[in-house]
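K.L.:
Taking my numbering, the leading residue of the sequence shown gets 69, the next gets one more, and so forth.
The structure is given below, and queries will be raised subsequently.
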Amino acid sequence: MRRRVTFIQHQDTSFEPNQADLTSDALSIRNLDAVREDRLSVPVDELPSEVSFTTSPIPRAERLASPVLQFHALVPSPHNLVEFVQGELCGRDEGCRSQAAHALSADSIDLSYDGMSRALTLSGLWPSPEGGWTEVIRKRDSGPDQVEVGLFGCDKAPDLEELKAGGLMADVGEDEKLKPTIFSFPSRHHPLPPEATYTVSFSPPAGLHPTMTISLSPGSLNRPPVSPEAYCGVYTYLTLPSSLFGDKYQLSTADPLFLQSHNLVALRALSGETDLEAPDWAVPSWGSNWLFEVATPPGGQSRSDDWNITIPLHLRYLRPSESGYRSSSVPWPVVFWACTAGEETEMGGNPFDRVNLGWDRLFGSQTTFHQLHPSGGEAGRLVEELRVPVLRLNENDGIIRTKAIELGTVAVVTLGLLWVLWKLGMVVRSGGDERRRRDKGKKEQ
69 MRRRVTFIQH QDTSFEPNQA DLTSDALSIR NLDAVREDRL SVPVDELPSE VSFTTSPIPR
129 AERLASPVLQ FHALVPSPHN LVEFVQGELC GRDEGCRSQA AHALSADSID LSYDGMSRAL
189 TLSGLWPSPE GGWTEVIRKR DSGPDQVEVG LFGCDKAPDL EELKAGGLMA DVGEDEKLKP
249 TIFSFPSRHH PLPPEATYTV SFSPPAGLHP TMTISLSPGS LNRPPVSPEA YCGVYTYLTL
309 PSSLFGDKYQ LSTADPLFLQ SHNLVALRAL SGETDLEAPD WAVPSWGSNW LFEVATPPGG
369 QSRSDDWNIT IPLHLRYLRP SESGYRSSSV PWPVVFWACT AGEETEMGGN PFDRVNLGWD
429 RLFGSQTTFH QLHPSGGEAG RLVEELRVPV LRLNENDGII RTKAIELGTV AVVTLGLLWV
489 LWKLGMVVRS GGDERRRRDK GKKEQ
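And the structure:
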């Protein structure tokens, strides 16, 4: 088992040597203003049986050639995950249990399994707390075999497509003092300035055909600082639950009037459920993913107001409820600039890049991503709640009302069928009468 703790300070943040003290079995930090990442790698043979992996019966060559699958589920809180880690992985180790509890305040949590190294990796990212980080990071006999700590500060890289960092590193329990280090590497992911923001909303009332509006701030429309020869475009990646879908025939159109009216360039990728008729309970999987290239103001003209992109969507029929409404949770889409990097730039080797995000695999290996910052969100949640009208079930007359609708539907269909048969009978009868009149006329002649 290996643990890696990384602190990354902003370029303008100061650091004093007395803020970090390394001893034979611990590293003490004090008032360290930095973003923190904790990463724990556990070999498969050290995992409990509930989450350990067995050898797949599928040949390895076929596994490597198999398509990448996506899954989405709304998890409002990592509370259940924390309880599982504390109970199954930590046992009675209070230090481990305390570290696991920190996941409740994390900005993001990643869980991945590497089939090559046969290791499960759990990582979390935290912002700097008020007053900075003050903590003692120890290497315990019952804890990870290796505890690696890095204290880094960002610096300006000579290449626009690179990141540069320098600082101190140490293996707790092995190194006697912190070792200075400096490195730079190409990175696929880059942040944009703080003013490059976006918001997401649905125009009320949403109804059964809601329209998602993505509003880009004026600062987000500025081209990223990349090579002038690079092609750059703005993209948005939607993750829609099974209750919500887009019309792939409508959204994949090349009609310039439709695209211009919604400030879209094209639908670039689509995966998942796209059935236009199925109700939610008949959809077999979790939902769908949509990648759109969106338009920017023509001629690169500057704006003082937000630039709105609209995407028409549709709600599926949901199961009845006693209130007559159900809620559908829609996560905010990701919005980013994607730019082609130079052919000579090698994008591998960044230890801090997040991979397998779903949309990054839809671009070439020489593409850099420049992230817009989501702004707002109700109660800090980047999720929109849609109030969906459904069949109302009351305690007293719910069954009666449902049966009445079923019987009414059967009655309408039956009456319609009888009407069609009656009309067909009249046509057949009138045709027979006309034929008899013609035959009678011939006999009289």
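Beta carbons are placed, not taken as given, at the ideal position from N, Cα and C, and that holds for glycine.
Considering Cα atoms alone, identify which of Ala-171, Pro-111 and His-140 is closest to Ser-185.
P.N.:
Of the candidates Ala-171, Pro-111 and His-140, the one whose C-alpha sits nearest the C-alpha of Ser-185 is Pro-111.
K.L.:
Alpha carbons only, please: which of Arg-165, Phe-139, Arg-160 and His-140 is nearest the one belonging to His-147?
P.N.:
His-147 has its Cα closest to that of Arg-165, out of Arg-165, Phe-139, Arg-160 and His-140.
K.L.:
Gln-434 by DSSP, collapsed to three states: which one?
P.N.:
Coil, per DSSP.
K.L.:
Quick one, which of Ala-298, Val-150 and Ser-82 has its alpha-carbon nearest Ile-177's?
P.N.:
The option with the nearest alpha carbon to Ile-177 is Val-150.
K.L.:
For Leu-100, which residues from the same chain have a beta carbon less than 7 Å from its beta carbon, with the 5 sequence-adjacent residues on both sides left out?
P.N.:
Correct list, in chain order: Phe-75, Gln-87, Gly-200 and Trp-201.
K.L.:
Sort Trp-490, Leu-450, Trp-427 and Val-456 by Cα distance to Leu-137 and report the nearest one.
P.N.:
That would be Trp-427, whose Cα lies nearest to the Cα of Leu-137.
K.L.:
Using the beta-carbon count (16 or more within 10 Å), is Leu-289 buried or exposed?
P.N.:
Buried.
K.L.:
Give the straight-line distance between the Cα atoms of Ile-473 and Pro-273, rounded to the nearest whole angstrom.
P.N.:
For Ile-473 and Pro-273, the distance between alpha carbons rounds to 26 Å.
K.L.:
Distance check for Glu-345 and Gly-484, CA to CA, integer angstroms please.
P.N.:
Roughly 22 Å between the two C-alpha positions.
K.L.:
Below 8 Å, can you find three or more Cβ-Cβ pairs linking the segment 185-195 to the segment 210-227?
P.N.:
No, the segment 185-195 does not touch the segment 210-227.
K.L.:
Between which two residues does the alpha helix (DSSP H) containing Arg-165 stretch?
P.N.:
Arg-165 -> alpha helix (DSSP H) spans 162-169.
K.L.:
Give me, in chain order, the residues of the same chain whose beta-carbon lies closer than 6 Å to that of Leu-461; leave out the 5 immediate sequence neighbours on both sides.
P.N.:
If we look at Leu-461 and ignore the five residues flanking it on each side, its Cβ neighbours are Pro-388 and Glu-390.
K.L.:
Check Ala-225 in the structure and name its three-state DSSP category.
P.N.:
Ala-225: coil per DSSP, three-state reduction.
K.L.:
Mind checking who Ile-205 pairs with in its DSSP beta bridge?
P.N.:
Answer is Leu-95.
K.L.:
CA-CA distance, Ser-329 and Gly-301?
P.N.:
Rounded to the nearest angstrom, the two C-alpha atoms are 18 Å apart.
K.L.:
How should Ser-515 be labelled, buried or exposed, when 16 other C-beta atoms within 10 angstroms of its C-beta is the threshold for buried?
P.N.:
The requested residue 515 does not occur in the structure, where the chain is confined to residues 69 to 513.
K.L.:
Taking 7 Å as the cut-off, does the CB of Leu-454 come closer than this to any heavy atom belonging to the ligand ADP?
P.N.:
With respect to the ligand ADP, the structure shown offers nothing to examine, as it has no ligands at all.
K.L.:
With burial defined as no fewer than 16 other Cβ atoms inside 10 Å of the residue's Cβ, what is the status of Asn-424: buried or exposed?
P.N.:
It is exposed - the Cβ of Asn-424 has fewer than 16 other Cβ atoms within 10 Å.
K.L.:
Check whether the Cβ atoms of Leu-359 and Tyr-305 lie closer than 8 Å to each other.
P.N.:
Yes. Within cutoff.
K.L.:
What does the Cβ neighbour count give for His-438, buried or exposed, with the cut at 16 atoms within 10 Å?
P.N.:
Answer is buried; the Cβ neighbour count reaches 16.
K.L.:
At a cut of 8 Å, does the segment 238-256 reach the segment 351-367 through at least three beta carbon pairs?
P.N.:
Segments in contact, no.
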